[in-house]
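For reference, the structure discussed in these notes is given below.
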Amino acid sequence: MERLAFVSVWLMVAIFCRHWPSRQPGWKSAPWFWLLNATPKAWNRSFTKSRNNTPCWCKMSLQRRAGELELTRRSLILARPRVDASPPVSVSLIRYRQQAMATTWEVTLPDLNPAAMGDIDHAFDVLHSLESLMTVYREDSKVSALNRLQSGVETRLEPILFGLLLQCYEWWQQTEGALDIASGRMIKAWGFFRGPPCVPDPSVLETLPSLNGMDKVRLDSAKRSFEWLSDGVELNLGCVGKGVAVDAMNAVLDSERGLSSGLIQGGGSSARGWGGCPGESNGWRVSIKHPWLDGAIIAEAILDNMALGTSAGSFRHLQHAGRRLPHILNPSTCRPAEGMASVSVLAPNATLADALSTAFFIMGPEKALSRMGQWPNVTALFFADSGKITVLGEQPGRFHVCCH
Numbered sequence: 002m003e004r005l006a007f008v009s010v011w012l013m014v015a016i017f018c019r020h021w022p023s024r025q026p027g028w029k030s031a032p033w034f035w036l037l038n039a040t041p042k043a044w045n046r047s048f049t050k051s052r053n054n055t056p057c058w059c060k061m062s063l064q065r066r067a068g069e070l071e072l073t074r075r076s077l078i079l080a081r082p083r084v085d086a087s088p089p090v091s092v093s094l095i096r097y098r099q100q101a102m103a104t105t106w107e108v109t110l111p112d113l114n115p116a117a118m119g120d121i122d123h124a125f126d127v128l129h130s131l132e133s134l135m136t137v138y139r140e141d142s143k144v145s146a147l148n149r150l151q152s153g154v155e156t157r158l159e160p161i162l163f164g165l166l167l168q169c170y171e172w173w174q175q176t177e178g179a180l181d182i183a184s185g186r187m188i189k190a191w192g193f194f195r196g197p198p199c200v201p202d203p204s205v206l207e208t209l210p211s212l213n214g215m216d217k218v219r220l221d222s223a224k225r226s227f228e229w230l231s232d233g234v235e236l237n238l239g240c241v242g243k244g245v246a247v248d249a250m251n252a253v254l255d256s257e258r259g260l261s262s263g264l265i266q267g268g269g270s271s272a273r274g275w276g277g278c279p280g281e282s283n284g285w286r287v288s289i290k291h292p293w294l295d296g297a298i299i300a301e302a303i304l305d306n307m308a309l310g311t312s313a314g315s316f317r318h319l320q321h322a323g324r325r326l327p328h329i330l331n332p333s334t335c336r337p338a339e340g341m342a343s344v345s346v347l348a349p350n351a352t353l354a355d356a357l358s359t360a361f362f363i364m365g366p367e368k369a370l371s372r373m374g375q376w377p378n379v380t381a382l383f384f385a386d387s388g389k390i391t392v393l394g395e396q397p398g399r400f401h402v403c404c405h
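Residue numbering for the sequence shown follows this note's numbering, beginning at 2 and increasing consecutively.
Okay, structure coming up:
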């Protein structure tokens, strides 16, 4: 009997070791991994559904899927402040991913809440609906239809699009034209629409200023209507589109569905967090990447019911005459903005954070400082081409600078 008991225990240990991912450091404290292996395949499919109900990770092994979760867990540990000597807290996070707006979108939630998967699907449906409304890369979008309108033709808009255009008109005035969504022709002239990027002919550059500006648009609030006042002008909502979608998804998950904590990220430029991340005492900690050095970060930001927007010359750029020209164009000169490598803005919502990160990139820290009083609870980090870092605004402590 004793020998039989010994053999039974030995077999149990062997089976346990075979399934336990001991070769992956950091997973020994994640007991839900074994439960995930034992979970029915139908349930695994349900929590990783893509927009067309196809599992997002269906072609990946379970080990790869667990690896995606491990990356999330480790990133939060590595991002802890360097002044904190206490041991990192082990937490389990689930990341739900889809592709939209030519980038990867992620919703991060603490632990695995199967009941929330339907809510996340709904949030991603909202994202795709907004993309079909705002994108200029689809001919059937509403913004593309507006760009085909001739001057003097009035058209009625959906409430969300009209409200966004009205807000962008106000920001255009407040930033003295630095934030200009009516600059589509300028973006196309520089090849930053469908590419390849190129410097326009001088004759083309001379005509571009007359094709920029929200003063070429009439918005009638009583009718909720849009009208071009000049031909040849086009909209491009790239400077605010991701922020709009992040805010809309946040409204679904936080306000409408009541999830107590989460983080939404639209590519590497827009994020919004609410509630607290397990293991952190004051929100979600996210890293701001160095615009030119792979793997390096310049700062960390805390998102406690706040949003972060980043504009960087590294996202898209043009090499010309030995210089790296950013894709962010100054509407007043119709040339690439100079002086900044990246600008990150913390704001109460992601749309404002995205808009101001673009405007401040063009304006620079001195001019931005003179205008920041118009937006309460806004803080900005400027990373100059020279490497100098400047933090301006009401709450500079929300940025933890990692390099100088």
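Glycine included, each C-beta is placed from N, C-alpha and C at the ideal position.
Burial state of Cys154, where buried means 16 or more other Cβ atoms lie within 10 Å: What you label residue 154 is simply residue 153 of the sequence shown in a count that begins at 1. Per the sequence presented here, residue 154 reads as Val, with Cys not at that position. Counting Cβ neighbours within 10 Å, Val154 comes out exposed, since fewer than 16 surround it.
message: Helix, strand or coil, according to DSSP, for Gln375 in the structure here?
response: By 1-based counting over the sequence shown, the position of residue 375 is 374. Helix.
- request: With a threshold of 16 other CB atoms inside 10 Å of the CB of Leu294, please say whether the residue is buried or exposed.
  value: In the sequence shown, counting from the first residue as 1, residue 294 sits at position 293. Counting every other CB atom within 10 Å of its CB across the protein chains shown gives Leu294 a total below 16, marking it as exposed.
First and last residue of the uninterrupted alpha helix (DSSP H) at Gln396: For the purposes of this step, residue 396 is identified with residue 395 of the sequence shown, where counting begins at 1. Here Gln396 belongs to no alpha helix (DSSP H), and DSSP marks it neither H nor E.
task: Note down the Cα distance separating Tyr170 from Lys224, rounded to an integer number of angstroms.
output: Taking the sequence shown and counting its residues from 1, the one referred to as residue 170 is at position 169. Taking the sequence shown and counting its residues from 1, the one referred to as residue 224 is at position 223. Distance between the alpha carbons of Tyr170 and Lys224: 17 Å.
field: Minimum length 4: unbroken alpha helix (DSSP H) runs contained in the stretch 232 to 281
entry: 242 to 251
message: Please state the DSSP three-state secondary structure of Thr476.
response: Here the chain has residues from 2 to 405 only, and residue 476 is not among them.
task: Give me whichever residues DSSP pairs with Lys290 in a beta bridge.
output: Residue mapping note: residue 290 aligns to position 289 of the sequence shown, counting from 1. Ile298, per the DSSP bridge assignment.
field: Straight-line gap, Ser184 to Gln375 (C-alpha atoms, nearest Å)
entry: Walking along the sequence shown from the start, residue 184 turns up at place 183. Walking along the sequence shown from the start, residue 375 turns up at place 374. C-alpha separation (whole angstroms): 23 Å.
field: Residue(s) in a DSSP beta bridge with Asp221
entry: Counting from 1 along the sequence shown, the entry for residue 221 is found at position 220. In DSSP, Asp221 forms a bridge with Ser226.
- request: Starting from Pro160, trace the alpha helix (DSSP H) both ways and give me its first and last residue.
  value: As a first step, residue 160 must be located in the sequence shown, where it is residue number 159. Run containing Pro160: Pro160 to Gln175, per the alpha helix (DSSP H) assignment.
- prompt: Measuring CB to CB, does Leu180 end up less than 7 Å from Trp173?
  reply: Counted from its first residue, the sequence shown places residue 180 at position 179. Counted from its first residue, the sequence shown places residue 173 at position 172. Cβ atoms of Leu180 and Trp173: closer than 7 Å.
message: So if DSSP puts Gly97 in a beta bridge, which residue, or which two residues, is it bridged to?
response: Here residue 97 refers to the residue found at position 96 of the sequence shown. According to the sequence shown, residue 97 is Tyr rather than Gly. DSSP output for Tyr97 lists Val108 as bridge partner(s).
message: My output table needs one value for Ala381: the three-state DSSP class, helix, strand or coil.
response: Residue numbering aside, residue 381 sits at position 380 when the sequence shown is read from its first letter. Looking at Ala381 - three-state DSSP - the assignment turns out to be strand.
message: Determine whether the beta carbon atoms of Phe361 and Val344 lie at a separation below 7 Å.
response: Locating residue 361 in the sequence shown gives position 360, where the first residue counts as 1. Locating residue 344 in the sequence shown gives position 343, where the first residue counts as 1. Closer than 7 Å, so yes.
- prompt: Is the stretch 295 to 307 close to the stretch 270 to 277, with three or more CB pairs under 8 Å?
  reply: yes
message: Just list the residues that DSSP pairs His401 with in beta bridges.
response: Walking along the sequence shown from the start, residue 401 turns up at place 400. The partner list for His401 (beta bridge, DSSP) reads Glu301.
message: As a quick exercise: from Val247, Glu257, Ser261 and Leu393, pick the residue whose alpha carbon is nearest that of Ser270.
response: Sequence index remark: in the sequence shown, residue 270 carries index 269 (1-based). The shortest C-alpha separation from Ser270 is found at Val247.
message: Assuming Leu347 is part of the beta strand (DSSP E), what are its boundary residues?
response: By 1-based counting over the sequence shown, the position of residue 347 is 346. From DSSP, the beta strand (DSSP E) with Leu347 extends over Met341 to Ala348.
Backbone secondary structure at Leu209 - three-state DSSP: Here residue 209 refers to the residue found at position 208 of the sequence shown. DSSP places Leu209 in helix when its eight states are reduced to three.
query: Which class does Ser152 belong to by DSSP, given the choice of helix, strand or coil?
result: Position 151 of the sequence shown, counted from the start, is the residue given in the question as residue 152. Coil, per DSSP.
- request: Give the single residue among Gly214, Asp216 and Gly192 whose Cα lies nearest to the Cα of Val205.
  value: The count along the sequence shown starts at 1 and reaches residue 205 at position 204. Closest option to Val205, Cα to Cα, is Gly192.
- prompt: Assuming Cys403 contacts Ala302 under a Cβ cut-off of 8 Å, what Cβ separation, rounded to an integer in Å, is found between them?
  reply: Against the sequence shown, residue 403 aligns to sequence position 402. Against the sequence shown, residue 302 aligns to sequence position 301. About 11 Å; that fails the 8 Å criterion.
- request: Count the other C-beta atoms from every protein chain shown that fall within 10 angstroms of the C-beta of Asp126, then say buried if there are 16 or more, exposed otherwise.
  value: To locate residue 126, count along the sequence shown from 1; it is residue 125. Burial call: exposed.
query: Name the DSSP beta bridge partners of Gly196, please?
result: Numbered from 1 along the sequence shown, position 195 holds the residue referred to as residue 196. DSSP, once it has assigned bridges, lists no residue as partnering Gly196.
message: At the level of alpha carbons, what is the spacing between Ala348 and Ala354?
response: Looking up residue 348 in the sequence shown gives position 347. Looking up residue 354 in the sequence shown gives position 353. Their Cα atoms are separated by approximately 5 Å.
query: Cβ of Glu140 within 7 Å of Cβ of Ala101?
result: As a first step, residue 140 must be located in the sequence shown, where it is residue number 139. As a first step, residue 101 must be located in the sequence shown, where it is residue number 100. The answer is no: Cβ separation not under 7 Å.
- prompt: Do the CB positions of Pro292 and Ser315 come within less than 7 Å of each other?
  reply: Translated into positions along the sequence shown, residue 292 becomes position 291. Translated into positions along the sequence shown, residue 315 becomes position 314. The answer is yes: Cβ separation under 7 Å.
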